[in-house]
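Down below is the structure, laid out as structure tokens.
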Ligand code: G1P
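Numbering (the numbering used here), first residue to last: 6 to 299.
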């Protein structure tokens with residue numbers, strides 16, 4: 006099987022939970038320490054072997070595309086002033102990596118955004134990385150290697166892989182929650198494996214359930230490796246929770262005909278799309294980077 010080299014990063018959300026910061030700056034470009042949040046997500050994708058990144062955005066998000074492009078005028082000016090090192094640091098994207106952006110058109114939900122990538126992804130299998138979720142890049146490769154593990158697991162049996170992590174009861178309603186097969190219904194068997202990548206077949210997902218109805222405490226973290234077949238299911242998915250076309254519903258449909266696995270997450274993740282978590286993440290990233298320079 007061909008190794009996965011394509012990834013979709015949906016960036017079309019308005020970021021209402023991050024207002025007023027996100028009113029005129031895309032939330033994906035808000036800083037975590039000394040870099041915009043999406044910088045870490047793209048680095049994670051590249052580290053896992055991704056070569057083609059497709060951003061799904063809209064008119065107010067073109068600053069993200071510019072961040073990954075070379076600003077020739079700035080480059081010339083920095084070099085004319087002898088600041089070559091600074092200029093080089095801005096052109097960090099490897100030559101064999103492309104970042105392109107297409108627009109979602111109507112904001113009909115995460116599933117709809119992923120489907121918008123189909124003309125560019127074509128027949129390839131692909132990864133999806135949600136940029137609100139930033140995996141801790143400061144504990145060696147522990148967190149950022151999750152995607153590599155999922156890509157390798159997919160190569161073994163063609164089962165799409167969905168990264169999950171245990172969440173607290175009060176956070177269950179914010180996430181897609183995994184429904185485990187009988188054999189794993191004792192979720193503690195999985196939870197006790199914390200900080201290990203374990204991949205196993207999943208029975209289904211429930212999008213943003215209330216805590217009483219939640220089938221487990223394993224939440225979809227925002228990293229997916231998909232068989233190309235997901236596009237067929239997305240094309241036939243109707244709007245549901247929140248009036249949106251949910252990626253979770255298409256995954257459920259995929260499960261009924263093809264195997265889908267969850268992969269348990271190693272390391273820590275940060276929610277950069279929620280003001281309180283974002284501020285905590287900012288402090289953590291800044292502290293790590295300040296300590297590194299001391
Ligand atoms: C999306 C997904 C959800 C997942 C979450 C992770 O929800 O629909 O299944 O758990 O991302 O952050 P959103 O946060 O976009 O509402």
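Glycine included, each C-beta is placed from N, C-alpha and C at the ideal position.
In the DSSP output, what is residue i paired with across the bridge?
| i | result |
| --- | --- |
| residue 229 | 133 and 167 |
| residue 41 | 36 |
| residue 142 | DSSP lists no partner for residue 142. |
| residue 206 | 266 |
| residue 212 | 181 |
| residue 124 | Looking at the DSSP assignment, residue 124 forms no beta bridge with any residue, so it has no partner. |
| residue 274 | 140 |
| residue 57 | 11 and 103 |
| residue 62 | 108 |
| residue 156 | Per DSSP, none; premise fails for residue 156. |
| residue 235 | BP columns for residue 235 are empty, so no partner. |
| residue 244 | 250 |
Just to check my reading of the structure: residue i and residue j have Cβ atoms closer than 8 Å, yes? What is that Cβ distance to the nearest angstrom?
| i | j | result |
| --- | --- | --- |
| residue 133 | residue 229 | 4 Å |
| residue 31 | residue 69 | 5 Å |
| residue 214 | residue 178 | 7 Å |
| residue 181 | residue 224 | 7 Å |
| residue 264 | residue 162 | 7 Å |
| residue 145 | residue 251 | Their Cβ separation, rounded to whole angstroms, is 34 Å, which puts residue 145 and residue 251 out of contact at 8 Å. |
| residue 120 | residue 240 | 6 Å |
| residue 114 | residue 249 | 3 Å |
| residue 52 | residue 112 | With 8 Å as the limit, residue 52 and residue 112 do not qualify as a contact, their Cβ atoms being about 30 Å apart. |
| residue 202 | residue 154 | 4 Å |
If I measure Cβ to Cβ from residue i and keep anything under 7 Å in the same chain, skipping five residues before and after, which residues do I get?
| i | result |
| --- | --- |
| residue 42 | 33, 35, 136, 139 and 277 |
| residue 290 | 37 and 38 |
| residue 209 | 184, 257 and 260 |
| residue 10 | 54, 55, 56 and 57 |
| residue 172 | 180, 222 and 224 |
| residue 67 | none |
| residue 246 | 212 and 213 |
| residue 226 | 138, 168, 169, 170, 270 and 274 |
| residue 232 | 130, 163, 165 and 263 |
| residue 22 | 278, 279 and 280 |
| residue 255 | 116, 235, 238, 239 and 242 |
Grab me the residues of residue i's own chain with a C-beta within less than 6 Å of its C-beta, minus the 5 sequence neighbours each way, in chain order.
| i | result |
| --- | --- |
| residue 104 | 58 and 73 |
| residue 267 | 167, 169, 183 and 207 |
| residue 19 | none |
| residue 159 | 166 and 230 |
| residue 142 | 45 and 149 |
| residue 253 | 181, 210 and 212 |
By Cβ distance below 8 Å, which residues in the same chain neighbour residue i in space, the five residues on each side in sequence not counted?
| i | result |
| --- | --- |
| residue 91 | 83 |
| residue 64 | 108 |
| residue 218 | 211 |
| residue 14 | 43, 46, 47, 50, 58, 59, 60, 61, 133, 134, 135 and 136 |
| residue 282 | 275 and 276 |
Using 8 Å as the limit for Cβ to Cβ distance, is residue i near chain C?
| i | result |
| --- | --- |
| residue 269 | Protein chain content of the structure displayed is limited to a single chain, and chain C is not contained in it. |
task: Tell me the start and end of each unbroken alpha helix (DSSP H) in the stretch 78–110 that is at least 4 residues and wholly inside, in chain order.
output: The qualifying runs are 89–95.
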